[in-house]
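In full-length UniProt numbering, the protein residues as written are 1 to 336. We treat Cβ as the ideally placed atom computed from N, Cα and C, and that holds for glycine. Remember, predicted model here, so these are calculated numbers, not experimental data. Only one structure is covered here, and it is reproduced in the block below.
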Amino acid sequence: MTDTRIEPVDPTLVARSDTPARSTRQGNRAVQTVRRLFMNRGAGIGVVVVVLLFAFAFLGPLVSPWQYSQIDYTSFTRPPSAAHWFGTNGIGQDVFAQTARGMQKSLLIGLLVAVFSTAIAAITGAAAGYFGGWVDRIVMFFVDMLLVLPSFLIIAIISPRIQNAGWIVLVVLITVFGWMITARVVRAMTLSVKEREFVRAARYMGIGPFRIIFRHILPNVASFLIIDGTIQVATAVLGETTLSYFGFGVQAPDVSLGTLIAQNQANALTSPWLFYFAAGALVVFAIAANLIGDGLRDALDPTSTTGKREKRNRRRDQNQAAVDVAALNTQAGSGA
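So this is what it looks like as structure tokens:
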């Protein structure tokens, strides 16, 4: 009699065979997201503006003939010219080099704060939502306690005492008070995701909780984290600028957009190049970052305006193709 026993299948082989298809799906989704992003005119403009601002911040000091701290003793408070593209300030420093340096410092602080705060919010929020019970209560109590603390006042009190520690400490201080609201949203999304079948199946198969969080929970809330991280960059840059404006952020001899605005606000009418280049860069970056955030939200959400427009255009093309086919058939029938 024929042996009809079924040999067990090695799960690693199944996983390996599924990997190319999964990678293809992820690649197609990334391409579709980028296409949707640039279908949004505002988001496309925002991306171009942010790229130009990054190029100005990081390539500007390389092409400028002046260093941000260098003094031209023959040119004090001069308007823009061939020698000084953005003019000079009251002590002969090049405004172009200073604005590029300030933009560079503000962008670095904003990017680092956004990365660290989003990572902390993702891990703590997902852990609180997945484990529940006493872990959830402790994490949410800590989050609520940080939310009620006056963060600006605390940073203002601590910053003067650690001025010699550098701007990295400022990144840490802003990060500590910048992740709580995102963590609450991630927790709420995790409570929904953890009840889905694939998470239950992974749990019943004995997969560890942290592996489930990183491989199943966080990828399913990645859309929100990407959007929030983009907006966090603009928020962090504005927060650093505000702190530096009041003297609690970046300290001399270094500069940021906040210090440049604070130093030159009195010259906004008499010597506008001292004030408006830094202030304009800050405003333009904040608007562009928010446009990108709105565009990413539409691109990652299939029910958004962009997604609906794309479906409507596809349906219109299909209807037009059907009409063309019907017309060709009619012409063929009449010719016969």
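Check                                                                                                          : Outcome
Spatially closest choice to Gly258 from Gly229, Thr242 and Trp273, by CA coordinates                           : Thr242
Cα-Cα separation between Thr190 and Ala30, rounded to whole angstroms                                          : 23 Å
Reduced DSSP category for Thr77 - H, G, I as helix; E, B as strand; rest coil                                  : coil
Run of the alpha helix (DSSP H) containing Asn290, from where it starts to where it stops                      : Pro272 to Leu300
Closest by C-alpha distance to Ala234, when choosing among Met39, Ala289, Phe86 and Asp94                      : Ala289
Touch test, the region 146-157 against the region 210-217, Cβ-Cβ under 8 Å, three pairs minimum                : no
Same chain, Cβ closer than 7 Å to His203, neighbours up to 5 away in sequence not counted                      : This sequence places Arg at residue 203; His is not what is there. Correct list, in chain order: Ile212.
Whether Gly293 touches Ile227 by CB criterion (8 Å)                                                            : yes
Meets three-Cβ-pair contact criterion under 8 Å: the region 64-82 and the region 137-145                       : no
Under the three-state DSSP convention, the category Ile71 falls into                                           : strand
Run of the alpha helix (DSSP H) containing Glu240, from where it starts to where it stops                      : Ala222 to Tyr245
Burial state of Glu197, where buried means 16 or more other Cβ atoms lie within 10 Å                           : exposed
Terminal residues of the alpha helix (DSSP H) in which Ala97 lies                                              : Val95 to Phe131
Any 3 or more C-beta pairs closer than 8 Å across the region 174-188 and the region 261-274                    : no
Sequence-distant residues of the same chain with beta carbon closer than 7 Å to Phe277, five excluded per side : Phe86, Val95 and Thr99
For Thr88: DSSP bridge partner residues                                                                        : Asp94
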